[in-house]
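Below is one structure, written out as structure tokens, with a few remarks after it.
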Amino acid sequence: MPLAARAAGAAQADPAMAAARWAAVPGAVAGLPRILGGTGLGCIAGAVALPPDGPGWQAVRLSRNRNWGHTALIETLRDLAGHARASGLPVLWIGDLGQPRGGPMPYGHASHQVGLDADIWLDLSPKPPLPPAQREQIEVASLVLPDETAVDPARWTPGHAALIRLAAELPGVDRVFVHHAIKRALCRTEAGAPWLRRVRPWRGHDSHMHIRLRCPEGQPACRDQAPPPPGDGCDASLDWWLTPEARQPSPRPPGPPPRLPEACRAVLEAGTR
1 MPLAARAAGA AQADPAMAAA RWAAVPGAVA GLPRILGGTG LGCIAGAVAL
51 PPDGPGWQAV RLSRNRNWGH TALIETLRDL AGHARASGLP VLWIGDLGQP
101 RGGPMPYGHA SHQVGLDADI WLDLSPKPPL PPAQREQIEV ASLVLPDETA
151 VDPARWTPGH AALIRLAAEL PGVDRVFVHH AIKRALCRTE AGAPWLRRVR
201 PWRGHDSHMH IRLRCPEGQP ACRDQAPPPP GDGCDASLDW WLTPEARQPS
251 PRPPGPPPRL PEACRAVLEA GTR
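If you use full-length UniProt numbering, the sequence shown corresponds to residues 1 to 273, in order.
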């Protein structure tokens with residue numbers, strides 16, 4: 001077996017080694033976008049980079065080299081920034097998308113692996129143009145009270161709800177993840193809205209939202225999540241997030257690490273364009 005193939009196999013078996021190898025690749029594979037697997041276990045060939053600056057956005061923490069995604073994701077982010085500007089909202093700070101070839105990351109995310117995920121900071125303050133170096137240490141205040149029972153009324157505004165709605169209504173968006181307290185605030189003012197079904201509660205998203213697209217057309221090896229449950233999500237499933245079970249989740253049972261699709265090995269080892 002060639003040395004490179006043996007190394008790739010070892011990386012597959014060791015999650016930390018695998019993440020380090022995927023993070024070390026500086027550029028994407030040439031060609032049309034091709035997604036292999038799902039957002040929590042997959043990769044992408046033919047990814048493109050979100051420009052550091054554009055009409056209505058500034059990409060942050062560019063040193064991570066996580067501003068890559070499928071062309072559909074890049075266009076969605078351009079559309080979101082444009083709609084936000086047209087609605088009178090300030091410039092958006094766009095955080096992590098994915099690595100040049102997707103795959104697992106050494107820290108920060110269990111998903112973002114196939115170029116269909118992006119983090120948008122929920123900061124509605126005016127933002128002067130900043131050079132990339134000054135965007136490396138972005139600090140955004142939480143919109144949620146320390147006990148996580150509700151949003152902070154001193155920080156939460158109708159503008160936050162408007163931005164989340166703009167994201168959830170974009171074509172191709174499958175889910176918008178926010179903290180459960182943010183979802184609860186939206187349920188108080190927007191209950192029954194069709195777009196609210198796509199806004200899903202998840203841990204840690206108290207100062208940013210996480211946009212996830214469905215698999216684009218023409219991607220037979222892409223694996224979607226099951227659709228969100230019917231309804232607006234303003235029900236007992238939302239109350240669960242305040243239970244002891246949700247606040248202190250049990251550790252995952254031990255077992256062999258999941259394996260990336262076999263075709264991802266060729267993506268990892270391909271030459272850089």
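Yeah, the Cβ is synthetic: ideal placement off N, Cα and C, and Gly gets one too.
Non-local C-beta neighbours of E139 in its own chain, meaning closer than 6 angstroms and more than five positions away in sequence, are absent. DSSP places Q134 in the helix class (H, G or I) of the three-state scheme.
Its chain contains L166 as the residues whose beta carbon lies nearer than 7 angstroms to that of H83, once the 5 sequence neighbours on both sides are disregarded; these appear in chain order. Less than 8 angstroms divides the Cβ of R175 from the Cβ of P228.
Taking a 10 Å sphere around the C-beta of P55, we find fewer than 16 other C-beta atoms and assign the residue as exposed.
Rounded to whole angstroms, the gap between the alpha carbons of G103 and L268 is 9 angstroms. Sequence-distant Cβ neighbours of A110 in its own chain, meaning closer than 7 angstroms and more than five residues away, are G40. L97 and L73 do touch by the CB rule: their CB atoms are close to 6 angstroms apart, below 8 angstroms. CA-to-CA, the gap between D123 and R155 works out to about 10 angstroms. Taking 3 residues as the shortest admissible run, the stretch 42 to 90 contains the following complete beta strand (DSSP E) segments, listed from N- to C-terminal end: 57 to 59. Judged by DSSP secondary structure, M17 falls within the alpha helix (DSSP H) whose first and last residues are P15 to A24.
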